[in-house]
Amino acid sequence: MLGVGFAPSRTSTTGGLALAALSLLFLSSFGLFRRLAYEGFIALHILLGIVLLAALCVHRPMYRAWAWGGFVIWGFDRIVSLGKMGWASRAGKTGKTGKTGAVVEVLGADVVKVTVTTGMKWTPGQHMFLTMPSIALQQHPFTMASLASAASNASDASPASPASDASAASDTNAAREGGQAVFFIRAHKGFTRHLLSHPGPHRCLVDGPYGIPPALTHYASVTLLAGGTGISFCLALLLGLVRDARRSDSAVGLVHLVWNTRDEDAVAWIKGMIEMEMGGSAGRMEVRVDVHRTRRGVETATPSVVSDKDEQGENDALVSVINVLEGRADVEGTIRRNIASTPNDAGGMAVVVCGPSSLNLETRRAVCAVNTPSAVAKGQPPIHFYSEQFGW
341 MLGVGFAPSR TSTTGGLALA ALSLLFLSSF GLFRRLAYEG FIALHILLGI VLLAALCVHR
401 PMYRAWAWGG FVIWGFDRIV SLGKMGWASR AGKTGKTGKT GAVVEVLGAD VVKVTVTTGM
461 KWTPGQHMFL TMPSIALQQH PFTMASLASA ASNASDASPA SPASDASAAS DTNAAREGGQ
521 AVFFIRAHKG FTRHLLSHPG PHRCLVDGPY GIPPALTHYA SVTLLAGGTG ISFCLALLLG
581 LVRDARRSDS AVGLVHLVWN TRDEDAVAWI KGMIEMEMGG SAGRMEVRVD VHRTRRGVET
641 ATPSVVSDKD EQGENDALVS VINVLEGRAD VEGTIRRNIA STPNDAGGMA VVVCGPSSLN
701 LETRRAVCAV NTPSAVAKGQ PPIHFYSEQF GW
């Protein structure tokens, strides 16, 4: 307790300031605050970090070297990050303007597609930090839905013919210039809301890639479950598996993508990307895509299926791949059907989920209900579960 004759001093004031900054750093680190105000979280942490180190220098001069060490580490991290963004932007410069190309397209009431031309390479399922100076100077993380140098996949197809030589040369040039990173982003507040209201070309700085996505090529079957814009992560894994299968670099016999979305035109978002990567074939791997258009009052998918043939045309190679259903997916039923068709002498089945916490929890419970010790003892292949955090 403070004595009666206590008088504030520079030491006590700066100590209290440092303690307050550290306490606020801790309290504002909880996920709830990040989800409600991500931009505020970033700005507050930078400000409080500077206040903490500066107050420490004054509060205890003997520890000033440690405080300056913190400044140096933070500054080095920022310099490296800016250097990486500058390199990636230089590698991805296109057109006469010499700027990194980023095109923002509005797909729905609150969803945008951002296509960034970059020279960087990435693994399916990784994410990058985007900065668009014309909208905001902050960095925001988003997962790439596309593959690096996706245009070069044509050279991986069956043996080249004279008619395909020009296309292959064009693809090689595209790969040399860099690929296109595609992002599906739902508008919430701040930066993402500004994206929705500012479609068109923008200059963009990228930092990354980051993340260690699961390796799936050794499984016998893979079930991908996505909710909303969680499709970015799952679609990238699907496209990666298709490319590996076409190169005979995968043991996966079945990949099944299940997507819950409330957007009526969601099929159009992904159809072209799947079609480009498959080229009409996924090797010996079977590909299924079920798009569940959710509606209020409809809990599970109805038996009726809206064929993609009716919506996209008769001469489409993906008619047998993409199905559109009304209502939410039956997660446990899907997992049970897929594990039943998985060979028990292979690598088992991988279940990957990316979406809202409700879908994540439902999938966890479904895997536990299906992957029981008694079922495995009877010869059922093991199920391996992977969860990607939705949001930040």
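Heads up, our numbering is the position in the sequence shown plus 340, with the first residue counted as 1.
From the three backbone atoms N, C-alpha and C, an ideal C-beta is built for every residue, glycine too.
Cα-Cα separation between K718 and V671, rounded to whole angstroms: Here residue 718 refers to the residue found at position 378 when the sequence shown is read from its first residue. Here residue 671 refers to the residue found at position 331 when the sequence shown is read from its first residue. When rounded, the distance between both Cα atoms is 22 Å.
With W599 as the anchor, note down where its beta strand (DSSP E) starts and where it stops. Within the sequence shown, numbered from 1, the residue matching residue 599 stands at position 259. Residue range L594 to T601 is occupied by the beta strand (DSSP E) that includes W599.
Same chain, Cβ closer than 6 Å to Y726, five either side skipped, listed in chain order: For the purposes of this step, residue 726 is taken as residue 386 along the sequence shown, with counting starting at 1. These residues qualify, in order along the chain: P554 and V692.
With DSSP run on the structure shown, which of helix, strand or coil describes T458? As a working note, residue 458 is residue 118 in the sequence shown. Here T458 carries a strand assignment [DSSP, helix/strand/coil].
Any beta strand (DSSP E) of 3 or more consecutive residues that is wholly inside the segment 706-731: 723-728
Pick helix, strand or coil for K611, following the three-state DSSP scheme. As a working mapping, residue 611 is identified with position 271 in the sequence shown. Helix at K611.
Can you give me the Cβ contacts of T437 inside the same chain, cut-off strictly under 6 Å, excluding the 5 residues immediately before and after it? What you label residue 437 is simply residue 97 of the sequence shown in a count that begins at 1. Its pLDDT being 36, under 50, T437 is placed unreliably by the model, and the measurement read from it follows with that caveat. For T437, where only same-chain residues beyond five positions count, there are no Cβ hits under 6 Å.
Residues that DSSP places opposite D630 in a beta bridge: Residue 630 sits at position 290 when you count from the first residue of the sequence shown. According to DSSP, which records beta bridges pairwise, D630 is partnered with V598 and N663.
How far does the beta strand (DSSP E) with T354 in it extend, from its first residue to its last? By one-based count along the sequence shown, residue 354 stands at place 14. Taken as a continuous stretch (DSSP letters only), T354 belongs to no beta strand (DSSP E), being part of the alpha helix (DSSP H) at R350 to L367.
Using CA atoms only, rank isn't needed, just tell me which of T483, D589 and A405 is closest to K453. Here residue 453 refers to the residue found at position 113 when the sequence shown is read from its first residue. Nearest C-alpha to K453: T483.
Report buried or exposed for C574, applying the criterion of at least 16 other Cβ atoms within 10 angstroms of its Cβ. Within the sequence shown, residue 574 is the residue found at index 234, counting from 1. Result: buried.
Put G389 into one of helix, strand or coil per three-state DSSP. Translated into the one-based positions of the sequence shown, residue 389 becomes position 49. G389 falls in the helix class under three-state DSSP.
With DSSP collapsed to three states, give me the class of S498. The residue labelled residue 498 in the question sits at position 158 within the sequence shown. Low local confidence applies: a pLDDT of 39 at S498 is under 50, so the model's placement there is unreliable, with the coordinate-based value given in what follows. In this structure, S498 counts as coil in the three-state DSSP scheme.
Using the Cβ count rule (16 or more neighbours within 10 Å means buried), how would you classify M402? Locating residue 402 in the sequence shown gives position 62, where the first residue counts as 1. Exposed is the call here.
Quick one, which of D685, G673, P683 and T532 has its alpha-carbon nearest V444's? Start at 1 with the first residue of the sequence shown, and residue 444 comes out as number 104. From the listed residues D685, G673, P683 and T532, the smallest Cα separation to V444 is found for T532.
Any idea which residues DSSP pairs D547 with across the strands? Within the sequence shown, the letter at position 207 stands for residue 547. BP columns for D547 point to F469.
Taking a contact to mean a Cβ-Cβ separation below 7 Å, would you say G567 touches P696 in this structure? If you number the sequence shown from 1, residue 567 lands on position 227. If you number the sequence shown from 1, residue 696 lands on position 356. The criterion of a C-beta distance shorter than 7 Å is satisfied by G567 and P696.
Within 7 Å, strictly: CB atoms of V562 and V595: As a first step, residue 562 is located in the sequence shown; it is residue number 222 there, counting from the start. As a first step, residue 595 is located in the sequence shown; it is residue number 255 there, counting from the start. Their beta carbons are under 7 Å apart, which means V562 touches V595 by this criterion.
Round the Cβ separation of E604 and Q478 to the nearest angstrom and send it over; I've been treating them as touching at under 8 Å. Taking the first residue of the sequence shown as 1, we reach residue 604 at position 264. Taking the first residue of the sequence shown as 1, we reach residue 478 at position 138. No, E604 and Q478 are not in contact; Cβ-Cβ is about 32 Å, not under 8 Å.
Which term fits I610, buried or exposed, when burial requires 16 or more other beta carbons within 10 angstroms of its beta carbon? Numbered from its first residue, the sequence shown carries residue 610 at position 270. By the 10 Å Cβ count, I610 comes out buried.
For T557, which three-state DSSP category applies? Numbered from 1 along the sequence shown, position 217 holds the residue referred to as residue 557. Residue state, collapsed to three classes: coil.
Taking 8 Å as the threshold, find out whether the segment 517-526 comes into contact with the segment 365-374 through three or more Cβ pairs. no
Which of helix, strand or coil DSSP assigns to L447: Locating residue 447 in the sequence shown gives position 107, where the first residue counts as 1. Coil at L447, not helix or strand.
Does the separation of the CB atoms of M468 and V546 fall below 7 Å? Indexing the sequence shown from 1 puts residue 468 at position 128. Indexing the sequence shown from 1 puts residue 546 at position 206. Taking 7 Å as the cut-off, the beta carbon of M468 is found closer than this to the beta carbon of V546.
For Y559, which residues in the same chain have their Cβ closer than 8 Å to its Cβ, ignoring the five residues on either side in sequence? Translated into the one-based positions of the sequence shown, residue 559 becomes position 219. Hits under 8 Å: A591, V592, A686, G687, G688, M689, A690 and H724.
Considering just the uninterrupted stretch of the beta strand (DSSP E) at E525, what are its terminal residues? Translated into positions along the sequence shown, residue 525 becomes position 185. Looking at the sequence provided, one finds Ile at residue 525 rather than Glu. First-last of the beta strand (DSSP E) with I525: G519 to R526.
Would DSSP call P539 helix, strand or coil? The residue you call residue 539 lines up with position 199 of the sequence shown. DSSP places P539 in coil when its eight states are reduced to three.
Beta-carbon within less than 7 Å of G580's beta-carbon, same chain only, minus the 5 sequence neighbours each way: which residues are those? If you number the sequence shown from 1, residue 580 lands on position 240. Taking G580 as the centre and dropping the five residues before and after it, the same chain places the C-beta of P464 and L487 closer than 7 Å to its C-beta, in chain order.
Assigned exposure category for W599 - 16 Cβ within 10 Å defines buried: Walking along the sequence shown from the start, residue 599 turns up at place 259. Residue burial is scored here from C-beta neighbours: W599 has at least 16 other C-beta atoms within 10 angstroms and is therefore classed as buried.
Would you identify the three-state DSSP class for K529, choosing helix, strand or coil? For the purposes of this step, residue 529 is taken as the residue at position 189 of the sequence shown. K529 falls in the coil class under three-state DSSP.
Can you give me the Cβ contacts of A394 inside the same chain, cut-off strictly under 8 Å, excluding the 5 residues immediately before and after it? Counted from its first residue, the sequence shown places residue 394 at position 54. Cβ neighbours of A394 beyond the five flanking positions: A407.
Based on the DSSP secondary-structure assignment, which residues constitute the bridge partners of H480? Position 140 of the sequence shown holds residue 480. Answer is L470, bridged to H480.
What are the boundary residues of the beta strand (DSSP E) that A690 is part of? Taking the first residue of the sequence shown as 1, we reach residue 690 at position 350. First-last of the beta strand (DSSP E) with A690: M689 to C694.
Beta-carbon gap between V446 and P539 smaller than 7 Å: By one-based count along the sequence shown, residue 446 stands at place 106. By one-based count along the sequence shown, residue 539 stands at place 199. Cβ atoms of V446 and P539: closer than 7 Å.
Determine which residues share a DSSP beta bridge with A566 and list them. Looking up residue 566 in the sequence shown gives position 226. DSSP lists W599 and C694 as partners of A566.
Proximity below 7 Å, CB of S572 to CB of A485: Position 232 of the sequence shown holds residue 572. Position 145 of the sequence shown holds residue 485. Yes; because the gap between Cβ atoms is below 7 Å, this pair is in contact.
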